[in-house]
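First comes the structure, then the notes that go with it.
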Amino acid sequence: MNRIVTKPTRIDLHIHSAASTATKDKGKKELADCDKGHVDVLLRGLEAHGISMCAITDHDCFDKDLYFALKEREGDGCLDKVLPGVEFSVSIRTGGEEPTVIHIVVIFDDRRPELIDGIARAVCDEHGKPRYDDPDNGAFTEDGFAKVLRGIGLNAVLIGHEKSAGREARRDVSSLGADRANEVILTEFVDAVEIRNKRRELDIKRLIEAYPKDAVPFVVGSDCHDWATYPGTEGGEISFSSLKCLPTFEGLLMAITDLSRIKVGDCSFFSASSSKLDSLRLAVDGKDFDIPLSPGINAIIGDNSIGKSMMIHQLTGCRYVDDSGLADGYKAYCTREGIEISSNLPVSIEFKFDDQDSVRKTLEELHSGESRDDYFGKYFQAHVDIGLIKGSLKRFFDECIAALKSKACFNDSRGRLDEHEMLLLDLPRSEKLTVSLFRKKISFEDIDGLNSELCAFRNGFGNVRKDYANLFNEMGPAAAEAHSDAMEAIDRLIKLVEKHRFSYERDDTKVQAVGDAANKERRALSKEKTDEQKTIDDYLASLDNISNMIAEVVLLQAKRFDRELDYAAPARVKVPNSMGEFIFVSELTSGETDVEYCKKVFENVFNKPKLQQLLGGIQHETDLTTGDIVGMVKGDKPAVATCYSDIKNRLQVEVDCISERRKITNGAIGIDAEPSAGLYGSLYFDLLAEDDSKAGVYIIDQPEDQISQVAIKERVLDAFKRMSANRQVLMITHNPLFIVNLDVDNVIVLGRDGDGKIDIKSGALEYECDDYKVLDLVAKTVEGGADVVRKRLKRYGSEDI
Numbered sequence: 001m002n003r004i005v006t007k008p009t010r011i012d013l014h015i016h017s018a019a020s021t022a023t024k025d026k027g028k029k030e031l032a033d034c035d036k037g038h039v040d041v042l043l044r045g046l047e048a049h050g051i052s053m054c055a056i057t058d059h060d061c062f063d064k065d066l067y068f069a070l071k072e073r074e075g076d077g078c079l080d081k082v083l084p085g086v087e088f089s090v091s092i093r094t095g096g097e098e099p100t101v102i103h104i105v106v107i108f109d110d111r112r113p114e115l116i117d118g119i120a121r122a123v124c125d126e127h128g129k130p131r132y133d134d135p136d137n138g139a140f141t142e143d144g145f146a147k148v149l150r151g152i153g154l155n156a157v158l159i160g161h162e163k164s165a166g167r168e169a170r171r172d173v174s175s176l177g178a179d180r181a182n183e184v185i186l187t188e189f190v191d192a193v194e195i196r197n198k199r200r201e202l203d204i205k206r207l208i209e210a211y212p213k214d215a216v217p218f219v220v221g222s223d224c225h226d227w228a229t230y231p232g233t234e235g236g237e238i239s240f241s242s243l244k245c246l247p248t249f250e251g252l253l254m255a256i257t258d259l260s261r262i263k264v265g266d267c268s269f270f271s272a273s274s275s276k277l278d279s280l281r282l283a284v285d286g287k288d289f290d291i292p293l294s295p296g297i298n299a300i301i302g303d304n305s306i307g308k309s310m311m312i313h314q315l316t317g318c319r320y321v322d323d324s325g326l327a328d329g330y331k332a333y334c335t336r337e338g339i340e341i342s343s344n345l346p347v348s349i350e351f352k353f354d355d356q357d358s359v360r361k362t363l364e365e366l367h368s369g370e371s372r373d374d375y376f377g378k379y380f381q382a383h384v385d386i387g388l389i390k391g392s393l394k395r396f397f398d399e400c401i402a403a404l405k406s407k408a409c410f411n412d413s414r415g416r417l418d419e420h421e422m423l424l425l426d427l428p429r430s431e432k433l434t435v436s437l438f439r440k441k442i443s444f445e446d447i448d449g450l451n452s453e454l455c456a457f458r459n460g461f462g463n464v465r466k467d468y469a470n471l472f473n474e475m476g477p478a479a480a481e482a483h484s485d486a487m488e489a490i491d492r493l494i495k496l497v498e499k500h501r502f503s504y505e506r507d508d509t510k511v512q513a514v515g516d517a518a519n520k521e522r523r524a525l526s527k528e529k530t531d532e533q534k535t536i537d538d539y540l541a542s543l544d545n546i547s548n549m550i551a552e553v554v555l556l557q558a559k560r561f562d563r564e565l566d567y568a569a570p571a572r573v574k575v576p577n578s579m580g581e582f583i584f585v586s587e588l589t590s591g592e593t594d595v596e597y598c599k600k601v602f603e604n605v606f607n608k609p610k611l612q613q614l615l616g617g618i619q620h621e622t623d624l625t626t627g628d629i630v631g632m633v634k635g636d637k638p639a640v641a642t643c644y645s646d647i648k649n650r651l652q653v654e655v656d657c658i659s660e661r662r663k664i665t666n667g668a669i670g671i672d673a674e675p676s677a678g679l680y681g682s683l684y685f686d687l688l689a690e691d692d693s694k695a696g697v698y699i700i701d702q703p704e705d706q707i708s709q710v711a712i713k714e715r716v717l718d719a720f721k722r723m724s725a726n727r728q729v730l731m732i733t734h735n736p737l738f739i740v741n742l743d744v745d746n747v748i749v750l751g752r753d754g755d756g757k758i759d760i761k762s763g764a765l766e767y768e769c770d771d772y773k774v775l776d777l778v779a780k781t782v783e784g785g786a787d788v789v790r791k792r793l794k795r796y797g798s799e800d801i
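As structure tokens, then:
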């Protein structure tokens with residue numbers, strides 16, 4: 001038998017034989033030839049319809065000779081498995097006076113042939129009559145049915161027969177009020193140990209009550225009564241059910257406890273992509289292993305430090321091992337254990353490789369909004385306009401400091417004026433020529449600043465056409481022409497500025513020349529004047545100085561202005577990009593760039609105790625001086641002469657810290673919410689599942705890290721199931737949920753044999769051979785595995801798992 005599922009198992013678990021004529025099907029002549037002597041007729045029908053697992057389920061009886069005759073033909077054609085079964089008539093009391101009789105098909109475990117002999121004796125007496133404990137209705141009561149199952153002592157799958165295609169008919173499950181279309185049957189697993197316990201007896205009512213629910217699995221059977229015309233339907237062909245399982249009772253059991261394993265009609269459970277590994281080939285101490293890999297999910301389990309991570313890295317040639325010491329460690333481990341891995345995963349068929357550290361880092365980066373993984377970049381199509389917002393903030397802060405400076409400089413000038421007092425004297429005029437101090441200077445600060453900004457803008461604007469060449473091509477010649485016109489306009493403006501600056505230079509030369517001549521003449525005249533004349537000159541100079549100070553105060557008073565703290569961002573600070581249920585949000589690391597944000601920026605530059613006074617000085621009249629403002633700055637104090645430019649620079653540094661933050665959310669929590677690390681884990685694997693742009697092999701080491709058990713159950717397992725439909729998955733895990741509840745297609749177990757040598761066992765969850773059962777290996781190897789396996793194999797829907 002294959003260790004893993006390589007093709008769907010098509011089933012028919014509801015075929016009748018001549019034995020049914022002794023009970024419910026008396027007089028049906030077509031059943032006369034449905035016996036041990038006509039097994040070849042049935043086999044031809046099964047072969048024609050591709051049935052690989054079947055069961056003869058007669059009404060309230062079991063023909064063991066027919067069963068064993070058909071069992072001997074396993075392997076003929078496409079028939080892989082024959083299971084024993086019986087169709088029971090069970091009377092159910094639903095509140096009325098008269099019970100309702102329904103048919104329940106029971107498929108038994110075939111792994112204990114000694115107990116199979118007892119099925120017929122448990123169901124019928126020595127005369128071949130059913131042991132009905134409700135003879136008036138020709139049925140077993142619930143208690144009687146449970147007693148029969150206990151007497152047989154085999155694990156069983158129960159199937160509630162539904163033949164009426166949605167119409168209420170006698171002996172169908174729908175007769176109890178379940179409104180279902182199609183010819184379907186309801187499945188349920190009963191543990192033999194459980195039904196032996198009287199306190200936990202089979203509850204048929206609960207089985208029937210579960211019938212209308214969406215989570216109940218349905219499989220299709222033929223209910224064939226004429227082998228010669230198999231499947232013997234009046235309405236044409238049947239779309240039989242196909243299961244993703246090995247053709248065994250254990251496979252059937254695993255299928256009915258996971259709905260994703262059941263499909264109807266021609267189907268496929270795996271991607272047909274060729275981008276996969278067919279097997280994992282290696283040798284351990286000279287012993288060769290050729291481990292078949294499923295196209296679906298393959299889980300590698302084993303004790304810590306046995307080489308699981310080494311194995312997946314060796315598959316990729318250690319191309320994801322950044323630490324040379326770790327690569328050397330893997331090499332040394334292989335040498336010590338005698339391991340040689342011959343399989344290789346080419347980059348061309350790889351979808352993604354997530355080792356244990358990369359998963360953790362990816363989730364942490366997603367949570368912090370600083371993901372460096374280019375994989376997600378394609379989902380962020382629209383972004384916040386960081387340049388526009390930064391420029392707007394800088395202008396706002398510049399205006400605030402300019403408003404503060406306009407009032408502080410006025411206060412500085414008035415303070416200096418207050419320090420000077422002079423008596424107005426009526427002095428005689430000097431008979432000698434007097435030259436006052438020549439102090440006028442020309443400032444190049446504004447015009448040089450304008451020229452610098454224009455040149456910087458021109459350089460950036462000039463590159464626009466090259467940087468966005470594709471867009472310019474899309475917009476056509478008019479866009480290129482408009483760009484050229486704008487460049488010419490900027491060039492003309494720059495030339496005007498340069499021309500005007502030349503006027504500044506010329507005027508400055510004149511002023512300097514006049515000033516130099518005046519100073520020279522003043523020094524020469526000073527030698528010829530008397531002390532009285534010098535006193536008069538000094539008095540006049542002081543008077544001129546104070547007059548200039550008064551003029552300066554008046555001018556600064558006129559230039560004062562206030563700036564309200566009413567900033568609002570000129571663009572959105574959160575830009576959503578929707579893709580299905582996901583929202584990829586581009587936002588600012590600063591959050592909302594509103595007034596509160598601006599106050600926090602001021603708080604980062606100025607001491608908090610004085611902050612309100614400073615903000616008041618920006619918005620209203622204030623007594624603050626430049627010296628006061630210098631004292632308010634945090635850390636190293638700026639020089640008074642460069643105070644305002646230094647403050648502007650510090651504020652701009654704060655603004656420059658703003659960057660884009662990317663986060664992933666969904667409609668349920670909204671774009672303003674902050675997803676938890678666990679939710680990011682869920683979203684991360686959801687995204688990988690939704691990505692069908694590339695097939696290939698996905699390798700993942702411990703996907704359970706950073707994710708809660710609840711999130712694993714509710715979201716992550718489903719994501720991996722969807723993912724396996726598009727690509728092959730090779731995972732390392734220590735979490736039983738990722739094995740049993742995920743219902744992986746192949747389990748690779750690394751352990752040690754009796755000699756301490758590494759040994760490898762593998763197979764589907766339902767696989768068992770003389771040496772091992774995979775479910776037993778899972779229970780023993782993975783912490784908590786025994787409990788998860790036990791819950792998975794409980795009756796379907798009896799408790800959450």
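Just so it is clear: in the sequence shown, position 506 is 506 by UniProt numbering, and no numbers are missing. Don't be surprised by glycine CBs; every beta carbon is placed ideally from N, CA and C.
Check: Which stretch, first to last residue, makes up the beta strand (DSSP E) that contains ASN298?; Outcome: 297-302
Check: Our contact map puts ILE732 next to ILE300 with C-beta atoms below 8 Å; I'd like the distance itself, whole angstroms only.; Outcome: 5 Å
Check: Let's see if you can read the secondary structure: which residues bound the alpha helix (DSSP H) around ARG722?; Outcome: 717-724
Check: Confirm, please, whether the CB-CB distance from LEU750 to GLY307 is below 9 Å.; Outcome: yes
Check: From LEU588 to ASP628, what does the alpha carbon distance come to, in whole angstroms?; Outcome: 34 Å
Check: Kindly indicate which residue of VAL697, LEU683, GLU690 and ASP692 has the alpha-carbon position closest to the one of GLU714.; Outcome: LEU683
Check: Does the contact criterion of 3 or more C-beta pairs under 8 Å hold for the stretch 406-420 versus the stretch 651-659?; Outcome: no
Check: How close, in whole Å, do the beta carbons of ASN741 and LEU717 come, if the pair is a contact with beta carbons under 8 Å?; Outcome: 6 Å
Check: Does DSSP put GLU783 in a helix, in a strand, or in coil?; Outcome: coil
Check: So HIS14 and ILE104 are in contact, right, with Cβ under 8 Å, and what is the actual spacing, rounded?; Outcome: Not really, about 11 Å apart at Cβ, beyond 8 Å.
Check: Compare the C-beta of THR642 with all C-beta atoms of chain C and state if any pair is closer than 9 Å.; Outcome: Within the model displayed, chain C is absent; a lone protein chain is all it includes.
Check: What residues are listed by DSSP as bridge partners for VAL729?; Outcome: ILE297 and TYR698
Check: My output table needs one value for LYS761: the three-state DSSP class, helix, strand or coil.; Outcome: strand
Check: Among residues of its own chain, excluding the 5 on either side of GLU783, which ones have a beta-carbon nearer than 6 Å to its beta-carbon?; Outcome: none
Check: Count the other CB atoms within 10 Å of the CB of MET723; is the residue buried (16 or more) or exposed (fewer)?; Outcome: buried
Check: With a Cβ-Cβ cutoff of 9 Å, do PHE561 and THR665 count as a contact?; Outcome: no
Check: Using only the alpha-carbon positions, how far apart do GLY265 and PHE240 sit?; Outcome: 5 Å
Check: If you check the beta carbons only, do MET311 and LEU277 fall under 9 Å apart?; Outcome: no
Check: Nearest by alpha-carbon distance to LEU282: which of GLY670, LEU259 and GLN314 is it?; Outcome: GLN314
Check: What is the DSSP secondary structure of ILE583, reduced to helix, strand or coil?; Outcome: strand
Check: Looking at the secondary structure, which residues open and close the alpha helix (DSSP H) in which ALA122 lies?; Outcome: 113-123
Check: Out of curiosity, what's the CA-to-CA distance linking ALA327 and THR335?; Outcome: 13 Å
Check: Return the CA-CA distance between GLY325 and CYS318, expressed in angstroms with no decimal places.; Outcome: 12 Å
Check: Alpha carbons only, please: which of GLY476, GLU421, ASP35 and GLY591 is nearest the one belonging to SER547?; Outcome: GLU421
Check: Return the CA-CA distance between ALA255 and ILE297, expressed in angstroms with no decimal places.; Outcome: 16 Å
Check: Relative to the C-alpha of GLY617, which residue among GLU592, LEU565, SER586 and LYS29 is closest?; Outcome: LEU565
Check: Measuring CA to CA, which of LYS81, ASP544, PRO130 and ILE119 is closest to ALA22?; Outcome: PRO130
Check: Quick one: what does DSSP say GLY387 is sitting in, helix, strand or coil?; Outcome: helix
Check: Taking buried to mean at least 16 other C-beta atoms within 10 Å of its own C-beta, is ALA551 buried or exposed?; Outcome: exposed
Check: Looking at the unbroken beta strand (DSSP E) that takes in THR362, where does it start and where does it end?; Outcome: No beta strand (DSSP E) holds THR362; the alpha helix (DSSP H) holding it covers 356-368.
Check: Under 8 Å, with one C-beta from each stretch per pair, do the stretch 51-68 and the stretch 115-130 reach the 3-pair mark?; Outcome: yes
Check: Leaving out five residues before and five after GLN356 in sequence, what residues of the same chain have Cβ atoms less than 6 Å from its Cβ?; Outcome: ASP701 and GLN702
Check: Excluding five sequence neighbours on each side, which residues of the same chain lie with their C-beta closer than 7 Å to the C-beta of LEU154?; Outcome: PHE108, ASP109, ARG112, LEU115 and ALA192
Check: Report the residue from ASP623, ASN746, LEU555 and SER368 whose alpha carbon sits nearest the alpha carbon of ILE291.; Outcome: ASN746
Check: Give a yes or no on contact between the stretch 476-484 and the stretch 508-521, applying the rule of three or more CB pairs nearer than 8 Å.; Outcome: no
Check: Could you pull the start and end residues of the alpha helix (DSSP H) that ARG662 belongs to?; Outcome: Taken as a continuous stretch (DSSP letters only), ARG662 belongs to no alpha helix (DSSP H), being part of the beta strand (DSSP E) at 660-666.
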